[in-house]
């Protein structure tokens with residue numbers, strides 16, 4: 061019997077490794093579903109809304125917006141502009157063009173990917189003036205997600 065158990069130990073160890081290692085790698089690529097979803101341009105929605113609240117991060121690398129009176133349904137009213145999109149929008153005047161009460165046109169997704177998630181804005185315009193184009197915002201956002 062001891063011989064049989066000692067014979068099985070390497071197989072049990074191998075079986076455990078085969079079960080645990082994939083779980084570890086799946087946890088490392090947790091945002092793969094988010095990247096796949098956000099890579100599909102059909103998942104983005106054009107909408108309008110009124111800025112109820114805007115804040116800048118302490119590091120000045122993203123905006124957080126709370127919107128009301130939206131023309132499309134979203135799972136939340138909190139949005140963000142991140143990374144290169146933040147800097148492009150800022151260069152184009154969001155600091156003084158997007159304030160409380162401003163009606164904006166934007167493009168975002170309708171799906172959450174975790175606690176504390178804010179919906180990304182990948183295109184932004186105010187009064188017909190484009191502050192962030194969809195093509196640039198989309199590409200920048202995908203690059204930001206992959207980091």
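In the working numbering, the protein residues as written are 61 to 207. Where is the CB? At the ideal position from N, CA and C, for every residue including glycine.
Using the Cα positions of residue 136 and residue 179, report the straight-line distance between them to the nearest angstrom.
8 Å
May I ask which residues mark the beginning and end of the alpha helix (DSSP H) holding residue 206?
Residue 206 -> alpha helix (DSSP H) spans 194-206.
Hey, how far is the Cα of residue 141 from the Cα of residue 157?
Here the alpha carbon of residue 141 sits roughly 15 Å from the alpha carbon of residue 157.
Rounded Cβ spacing between residue 169 and residue 103 (contact assumed at less than 8 Å)
5 Å
Could you have a look at residue 85 and say whether DSSP puts it in helix, strand or coil?
Interpretation of residue 85 is limited by its pLDDT of 49, a score under 50 that renders its predicted location unreliable; the figure taken from the coordinates is listed afterwards. If DSSP states are grouped into helix, strand and coil, residue 85 belongs with the helices.
Return the CA-CA distance between residue 114 and residue 150, expressed in angstroms with no decimal places.
13 Å
What whole-angstrom Cβ distance do residue 110 and residue 144 have, given they're in contact under 8 Å?
In fact, because the Cβ distance is near 26 Å, the residues do not count as touching under 8 Å.
Range of the contiguous beta strand (DSSP E) that encloses residue 112
104-116
Residue 142, DSSP secondary structure in three states:
strand
Would DSSP call residue 156 helix, strand or coil?
For residue 156, the secondary structure class from DSSP, reduced to helix, strand or coil, is helix.
Under 8 Å by Cβ, that's how I've got residue 138 and residue 126 pegged, so tell me the actual separation to the nearest angstrom.
6 Å
Pop quiz: residue 205 and residue 98 are said to be a contact at Cβ under 8 Å. What is the actual Cβ separation, rounded to whole angstroms?
6 Å
Does residue 162 come out as helix, strand or coil in the three-state DSSP assignment?
coil
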